[in-house]
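Everything below concerns the one structure shown next.
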Amino acid sequence: MDYLLETVYFCTAVLFIVGLKRMSHPTTARSGIVWAGGGMVLATLLSFAHPQITAHLNVTNYVLMLIAIGVGGGIAWWGAKKVAMTAMPQMIAIYNGMGGGAAACIAAVELLKDHGHEAAAPGTHTLLMAAAGALIGAVSFSGSVVAFGKLQELKFFKNDAKFRFPGQQKVNAAIFFLAVLAGIVIAVAHTSNGGLITVFFLLALAFGAMMALPIGGADMPVVISLFNAFTGLAVALEGFVLLNSAMIIAGIIVGSSGTMLTFMMAKAMNRSVANVLFSNWAALGSGEAQEVKGSLKPMEPADAAIQMAYAAKVIIVPGYGMAVAQAQHKIWEMSKLLIERGTEVKFAIHPVAGRMPGHMNVLLAEAGVPYDLIADMDEINEEFSTADVALVIGANDVVNPAARTDKSSPIYGMPILNVDHAKNVQVIKRGKGVGFAGIENALFFADNTRMVYGDAQKVAAGLIQGIKDLG
Amino acid sequence: MEAVVALFSPIYILMLAGFLGYEIISRVPVILHTPLMSGTNFVHGIVLVGAMVALGQATTPLEQAVGFLGVLLGAGNAVGGYFVTERMLEMFKSSKGKGN
């Protein structure tokens, strides 16, 4: 059985690697997840006959196992199938948190076990690894739950400033230090004292939550990616504890690739990872952002349609608001009408449009927008000055010129789309509220900007009608 | 000697797997960042296997409860991670056909 199991784990590791490799190329991406999925099913099925389980053969445990897989898997399946494409980032966060929690649970069982004077009792270094994995896994769990809450825009997490207080870094450092200390004591003393272990886990969970709470929603993709890498590492550590090669290999690969991805995402947002984690936005800006001058000038969809219909070049800047309103199909329909009239239409995508790198591309692809009309920020930023109309739909912070000019602004330094360089700017917006970063947008008050208020989908329908009326 | 090899082989696995993860993710177009993150999220769902072993060894009710929670969370990670990734990548395929 040992040989069979190890062979299967080996195959699983190979399938994971091939799967991930395929996922990193657009044409083979779809099959990649199937390969990896096959590996997972194989490993899970064979693990029912794992010698470490059969040695303690206990029917109750098997029943519990089946119920847990059924319930956990069922809920996750239902959630993953039902959720809207716009909510994908927070789904990734919550599933990632579950993985971290599972790793922490493995460690908890290992630490709680009273090995007494068994010959096979784990050594100090094994317990140290278990504790380290528990710490990282628990941090990933509570942090991911907070990230989920923020992206889901739950009431409790709404105001980032609420979670900031003086000396926060020191308090966090103290919690972290105590958690590490508790972990070391547990491992070195070989204790299975329930009280101490509980305190250890509570400290770890608290640290994860405290770490994620003050971070602004717009930075969440980077944080989720980091927690993803954390979970990988935790899984690998527990893999060493259980001497499970599939867990070790998969965990390390996720740990290293996740770390890479975190840095790449942070780079795309022009923020360093340390910056995201340790200097929250309130501390960055010197308080109040610059006063915004001018007034908001509303415009009717019919007028907006006329302006676009007679434009030579229109650049559309889709943001998260468009995705939430599910307006991408209507917007593409409108774009087709404009193209028929001879207008050049392009879509400009900010690296973090839709909250995650690549998220907006997925949403536009869903609506059927061809790839050659979609341009990245670097490709298109020069072109805004040649555009007659820049149509901003539900985007806010990524087109805020304050990022270029206002040093006191929390988003200062973030690369933005140069929408303000276009001859005319139209902004479709639900209301007068501020963006995800919680700041006013000078673009909306500019002389050449007109605000088209309303639900993006309804406005888009109005625009289509307006263009059609022109004949 | 055998003991030394036994000690070092995990370290080799660590080093090689670490490089592999780095290689897989570098030079990936930005549009695939989110799906790939989701994919790696699925891969660490292998933690389910470990949780099953942990629950299988549980002897006290407390261990069983914690183990049960572990398997529940692990299964959620694996299943949820798979279907989220699949849904995202499905869109890719269709867009590739129409675009470019």
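Line by line, the protein sequences give chains A and B. Note that this note's numbering has the first sequence beginning at 1, numbered continuously upward. Note that this note's numbering has the second sequence beginning at 1001, numbered continuously upward. Glycine is no exception: its CB is placed at the ideal position from the N, C-alpha and C atoms.
With the criterion set as a beta carbon lying under 8 Å from some beta carbon of chain A, the members of the segment 1065-1077 of chain B are Val1066, Gly1067, Phe1068, Leu1069, Gly1070, Val1071, Leu1072, Leu1073, Gly1074, Ala1075, Gly1076, Asn1077, in sequence order. With fewer than 16 other Cβ atoms from the protein chains shown falling within 10 Å of its own Cβ, Thr1060 of chain B counts as exposed. Taking 8 Å as the cut-off, the beta carbon of Tyr9 of chain A is found no closer than this to the beta carbon of Ala49 of chain A. Residue range 88-112 is occupied by the alpha helix (DSSP H) that includes Pro89 of chain A, with no beta strand (DSSP E) assigned at that position.
For Leu1007 of chain B, the enclosing alpha helix (DSSP H) starts and ends at 1002-1025. Across the structure, Ile393 of chain A and Phe263 of chain A are spaced so that their CA atoms are roughly 28 Å apart.
For Arg271 of chain A, same chain residues with a beta-carbon under 8 Å away, outside a window of 5 residues either side, are Asp219, Val222, Gly413, Met414 in chain order.
Taken atom to atom, the span from the alpha-carbon of Val180 of chain A to that of Leu135 of chain A is near 8 Å.
Nearest to Val362 of chain A by alpha-carbon distance, out of A:Leu45, A:Lys297, A:Tyr320, is A:Tyr320.
Contact of His329 of chain A with chain B is not assigned, every C-beta pair being separated by 8 Å or more. Rounded to the nearest whole angstrom, the C-alpha separation of Val1030 of chain B and Leu178 of chain A is 39 Å. Three or more beta-carbon pairs drawn from the segment 254-261 of chain A and the segment 1019-1035 of chain B are found closer than 8 Å, and the two stretches are therefore classed as touching. Chain B has no Cβ within less than 8 Å of the Cβ of Phe148 of chain A. If you ignore the 5 residues before and after Phe444 of chain A, its C-beta comes within less than 7 Å of the C-beta of Leu296, Val427, Met451, all in its own chain and listed in chain order. Considering only A:Val459, A:Leu20, A:Ile106, the residue with the shortest C-alpha distance to Ala302 of chain A is A:Val459. In the displayed model, Glu300 of chain A falls within coil according to three-state DSSP, outside both helix and strand. In its chain, beyond the 5 residues on either side, Arg22, Met23 have a beta carbon closer than 7 Å to the beta carbon of Ala29 of chain A. Taken atom to atom, the span from the alpha-carbon of Gly1080 of chain B to that of Lys429 of chain A is near 33 Å. Between the beta-carbon of Phe207 of chain A and that of Val139 of chain A there is about 6 Å, and that keeps the pair under the 8 Å contact cut. For Met414 of chain A, the secondary structure class from DSSP, reduced to helix, strand or coil, is coil.
Judged by their CB atoms, Gly1067 of chain B and Ala1054 of chain B are nearer to each other than the 8 Å cut-off. Nearest to Val171 of chain A by C-alpha distance, out of A:Met211, A:Met247, A:Asn275, is A:Met211. In the DSSP secondary-structure assignment, Leu391 of chain A is bridged to A:Ile316, A:Gln426. Annotation for Ile215 of chain A: no alpha helix (DSSP H) segment contains it, and DSSP assigns it neither H nor E.
When the five nearest sequence neighbours on each side are left out, the beta carbons in the same chain lying within less than 7 Å of the beta carbon of Ile464 of chain A are those of Lys330, Glu333, Met334, Leu337, in order along the chain. Restricting attention to A:Met129, A:His25, A:Lys155, the CA atom closest to the CA of Glu110 of chain A is found in A:Met129. Taking a Cβ-Cβ cut-off of 9 Å, Val1005 of chain B has no neighbours in chain A, whose nearest Cβ is about 15 Å from it.
For Tyr9 of chain A, the uninterrupted alpha helix (DSSP H) segment begins and ends at 2-23. If you draw a straight line from the Cα of Arg1087 of chain B to the Cα of Val188 of chain A, it is about 46 Å long.
Chain-ordered, the chain B residues with CB closer than 7 Å to the CB of Val71 of chain A read Leu1072. The beta carbon of Ile175 of chain A sits closer than 7 Å to the beta carbons of Leu203, Ala206, Phe207, Met210 from its chain, once the five residues preceding and following it are set aside; these are given in chain order. Per DSSP, the unbroken beta strand (DSSP E) holding Val345 of chain A starts and ends at 344-349.
In terms of beta-carbon proximity, Leu20 of chain A lines the interface with chain B, with at least one pair separated by less than 8 Å.
Here the alpha carbons of Val83 of chain A and Ile75 of chain A stand approximately 12 Å from one another. When beta bridges are read from the DSSP output, Tyr453 of chain A appears opposite A:Lys429.
Neighbourhood of Trp77 of chain A in chain B, by CB distance below 8 Å: Val1079, Gly1080, Phe1083, in chain order.
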